[in-house]
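Worksheet: the structure to be examined is printed underneath.
There are 2 protein chains.
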Amino acid sequence: MEFQVKFDINEKIFLRNPESSEVGKLMVKKSIDLIYDLGFEQFTFKKLALEINSTEATIYRYFENKHRLLLYILNWYWCYMEFLVTFKLENVVDKKERLKIIVHLLTHEFAESTNQFDYNKKLLNQIVIAESSKVYLVKEVTEINKNEVFKPYKDLCGKIAEVISAYNSKYKYPRSLSTTLIETSHHQQYFSVNLPKLTDVSSKNNSEFTNQFIEDFLFKILD
Amino acid sequence: MEFQVKFDINEKIFLRNPESSEVGKLMVKKSIDLIYDLGFEQFTFKKLALEINSTEATIYRYFENKHRLLLYILNWYWCYMEFLVTFKLENVVDKKERLKIIVHLLTHEFAESTNQFDYNKKLLNQIVIAESSKVYLVKEVTEINKNEVFKPYKDLCGKIAEVISAYNSKYKYPRSLSTTLIETSHHQQYFSVNLPKLTDVSSKNNSEFTNQFIEDFLFKILD
DNA sequence: TATTTATAATAGTATTACTATCATTAAAAA
DNA sequence: TTTTTAATGATAGTAATACTATTATAAATA
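Here the protein sequences line up with chains A and B, keeping their order. The numbering of the first sequence is the UniProt record's numbering, which starts it at 1 and goes up by one. The numbering of the second sequence is the UniProt record's numbering, which starts it at 1 and goes up by one.
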């Protein structure tokens with residue numbers, strides 16, 4: 001069984017809903033490939049337009065700028081991640097097991113879907129690791145936060161915080177720990193590949209390393 | 001007693017050593033003010049040139065681009081931080097106390113120096129929190145890492161890792177924990193001010209909050 | 001005094017990050 | 001079926017960015 005999930009992305013993020021047209025869908029899908037290939041700094045609407053055989057003007061009708069497009073992609077990711085967490089935790093009663101599942105989700109690549117219209121989840125994952133902080137580490141953060149564009153991140157954080165609190169109700173910082181889990185899993189994955197001396201990774205499987213590091217530290221904190 | 005510290009910054013980072021001339025020193029000092037004011041994305045050499053009554057061309061003789069200038073500033077910061085850690089740990093024998101001093105340093109603003117030629121440490125601190133990840137979260141990271149431009153960060157990480165290992169020699173991930181301390185202190189400070197719902201901060205003093213969160217989590221991991 | 005070196009002043013280019021206009025086409029409404 | 005509308009593509013244009021190059025001048029050094 002294959003299935004696709006759709007999310008209602010906050011309308012403040014786009015000028016026109018990319019889900020409402022073929023070019024729109026294509027530009028989001030291709031932007032994931034292109035941001036992965038070029039990095040966010042080198043990524044431009046001109047290059048994306050070329051890639052989808054369209055024009056800059058068309059893309060500008062959907063997104064105010066490339067920062068908004070990245071925000072759109074990340075909103076989709078955060079929604080997807082919350083969905084995945086909910087899905088994978090279904091019927092799992094053991095509270096420790098629930099946390100382990102979350103850590104595994106945060107530290108491993110997504111399964112690639114066979115559906116050609118789906119986003120490439122492997123690349124999406126890499127974009128989240130390398131580029132996600134660039135959407136909030138900007139001067140205008142307070143201004144753009146007013147439109148609730150970070151709600152899916154906060155919701156994901158809230159959901160993980162609940163599982164943390166269910167495991168140990170006395171722990172005082174469930175939300176901070178939750179964001180730390182998320183951000184640290186990105187950092188450690190990035191560092192273990194690109195700047196390994198900043199980690200304790202030993203050669204091989206860095207997803208597995210990150211998983212172990214985070215699981216170890218999570219249960220030491222909560223037990 | 002007032003004193004100034006100088007560091008030998010890796011020569012691969014600049015084209016001409018900004019320490020070797022007055023304009024050079026001025027451009028680094030002013031760039032800290034300007035990056036703080038505008039954010040790294042809006043910061044340009046043109047604006048900096050205007051600020052120091054010089055020209056773009058002059059700045060380009062010192063730094064290849066603004067990314068390199070940021071890297072220079074962060075190298076200075078990492079060196080300074082390692083110096084501060086060394087200085088503050090001098091004669092402190094108690095291993096727990098040594099870790100507490102490090103966490104305090106990572107989570108609190110620097111004292112502002114009265115010397116007008118010094119960098120503004122308060123702003124520098126804010127730049128490190130909001131902009132530092134932008135120097136390594138780039139496509140060319142492997143290429144630029146070859147010139148050892150991240151050595152001061154790795155050294156700082158190594159120094160903290162030593163203190164961690166001295167406290168608990170059995171802990172398996174001293175380096176990863178060390179980078180996690182550093183990066184998490186940035187995140188939590190940034191989030192507690194700008195996106196507080198991603199944390200457990202309660203109104204007031206966010207430096208104190210971050211300090212408590214990190215200290216709590218550090219000793220739960222190591223004890 | 002001659003020579004080197006750094007800087008300021010100036011000019012110029014390619015690219016980026018947009019905005020605006022208009023003709024064409026496809027879809028929706030009348 | 002015709003009319004209206006909405007979206008797109010094609011094209012043009014602008015201000016700002018991220019540079020590179022040239023030259024005159026001033027300061028430092030030999």
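Beta carbons: idealized from backbone N, C-alpha and C, even for Gly.
Inter-residue Cα distance where the pair is K25 (chain A) and K159 (chain A): Their backbone Cα atoms lie some 29 Å apart in a straight line.
Simplified DSSP state of F110 (chain B), which is helix, strand or coil: Coil, per DSSP.
DSSP three-state assignment for F45 (chain A), whether helix, strand or coil: Assigned with DSSP and collapsed to three states, F45 (chain A) falls in helix.
CB contact below 8 Å: S207 (chain B) versus chain A: Cβ-Cβ to chain A under 8 Å: no for S207 (chain B).
DSSP-derived helix/strand/coil call for S207 (chain B): S207 (chain B) falls in the helix class under three-state DSSP.
For S54 (chain A) and Q189 (chain B), the rounded distance between their alpha carbons: For Q189 (chain B) and S54 (chain A), the distance between alpha carbons rounds to 42 Å.
For F3 (chain A), three-class secondary structure by DSSP: F3 (chain A) sits in coil when the DSSP states are folded into three classes, being neither helix nor strand.
The segment 35-55 of chain B in contact with the segment 205-222 of chain A per 3-pair CB rule at 8 Å: They do not touch, by the three-pair rule.
Of the listed residues A:L177, A:N194, A:K151 and A:K134, nearest to V141 (chain B) (C-alpha basis): The shortest C-alpha separation from V141 (chain B) is found at A:N194.
DSSP state of N125 (chain A) mapped onto helix, strand, coil: N125 (chain A) carries a helical assignment under DSSP once its states are collapsed to helix, strand and coil.
Local conformation of G158 (chain A) per DSSP, three classes: In the structure shown, G158 (chain A) sits in a helix (DSSP, three-state: H, G or I).
Spatial distance of D200 (chain B) from E56 (chain B) (CA atoms): Near 44 Å, if we compare the C-alpha coordinates of E56 (chain B) and D200 (chain B).
Minimum Cβ-Cβ distance from residue 224 (chain B) to chain A less than 8 Å: An answer regarding residue 224 (chain B) cannot be provided, because it is not within the stretch 1 to 223 covered by chain B.
Chain-order list of residues whose beta-carbon lies under 7 Å from that of I9 (chain A) (same chain, five-residue window excluded): Answer for I9 (chain A): Y72, N75 and W76, listed in chain order.
R175 (chain A): contacting residues in chain B (beta-carbon distance under 7 Å): In chain order, L198, T199 and D200 make up the part of chain B whose C-beta sits under 7 Å from the C-beta of R175 (chain A).
Proximal residues of chain A, C-beta to C-beta of F150 (chain B) below 9 Å: Residues of chain A whose Cβ lies closer than 9 Å to the Cβ of F150 (chain B) are, in chain order, L195, K197 and L198.
Rounded distance between the beta-carbons of F150 (chain A) and Y136 (chain A), thought under 8 Å: That belief holds up - the Cβ atoms of Y136 (chain A) and F150 (chain A) are roughly 7 Å apart, short of 8 Å.
Residue-level contact to chain A via CB, L181 (chain B), 8 Å cutoff: It does not: the Cβ of L181 (chain B) has no partner Cβ on chain A nearer than 8 Å.
Distance CB(T107 (chain B))-CB(T180 (chain A)) smaller than 8 Å: Taking 8 Å as the Cβ cut-off, T107 (chain B) and T180 (chain A) do not qualify as a contacting pair.
Rounded Cβ spacing between L15 (chain A) and R61 (chain A) (contact assumed at less than 8 Å): Yes, they are in contact, since the Cβ atoms of L15 (chain A) and R61 (chain A) sit about 6 Å apart, within 8 Å.
Under 8 Å between C-beta atoms of L69 (chain B) and E51 (chain B): No, Cβ-Cβ distance for L69 (chain B) and E51 (chain B) is not below 8 Å.
Backbone secondary structure at G39 (chain A) - three-state DSSP: If DSSP states are grouped into helix, strand and coil, G39 (chain A) belongs with coil.
Assigned secondary structure, E11 (chain B) (DSSP; H/G/I helix, E/B strand, else coil): Helix, per DSSP.
Every unbroken alpha helix (DSSP H) within the segment 159-200 of chain A, with a cutoff of 4 residues, ordered by chain: The segment 159-200 of chain A is shown to contain whole alpha helix (DSSP H) runs of 4 or more residues at 174-194, in chain order.
Helix, strand or coil at K146 (chain B) according to DSSP, with G and I counted as helix: Secondary structure at K146 (chain B): coil, using DSSP grouped into helix, strand and coil.
7 Å Cβ shell around F206 (chain B) - same chain, five flanking residues per side excluded: Here residue 206 (chain B) turns out to be Asn, not Phe, going by the sequence shown. Only Q189, S192 and V193 meet the Cβ criterion.
Interface residues of chain A facing V103 (chain B) [CB-CB closer than 8 Å]: From the beta-carbon of V103 (chain B), no residue of chain A is found nearer than 8 Å; the closest lies around 14 Å away.
For I221 (chain B) and V163 (chain B), believed in contact at Cβ under 8 Å, the rounded distance: Contact flag wrong, Cβ pair sits at about 14 Å.
Chain B residues whose Cβ lies nearer than 8 Å to that of K139 (chain A): Ordered by position in chain B, the residues that pass the 8 Å Cβ test against K139 (chain A) are L38, G39, E41 and Q42.
Candidates A:K29, A:D94 and A:E112, of which the one nearest A166 (chain A) by Cα: The closest CA to that of A166 (chain A), considering only A:K29, A:D94 and A:E112, is found on A:D94.
Unbroken alpha helix (DSSP H) run spanning E19 (chain B), endpoints: Going by DSSP, E19 (chain B) is part of no alpha helix (DSSP H) at all; its letter is neither H nor E.
Per-residue contacts from L187 (chain B) into chain A (C-beta, under 8 Å): The sequence as given places His at residue 187 (chain B); Leu does not occur at that position. By Cβ distance, chain A contributes T179, T180 and E183.
Y62 (chain B) in three-state terms, based on DSSP: In the three-state reduction of the DSSP assignment, Y62 (chain B) falls in the helix class.
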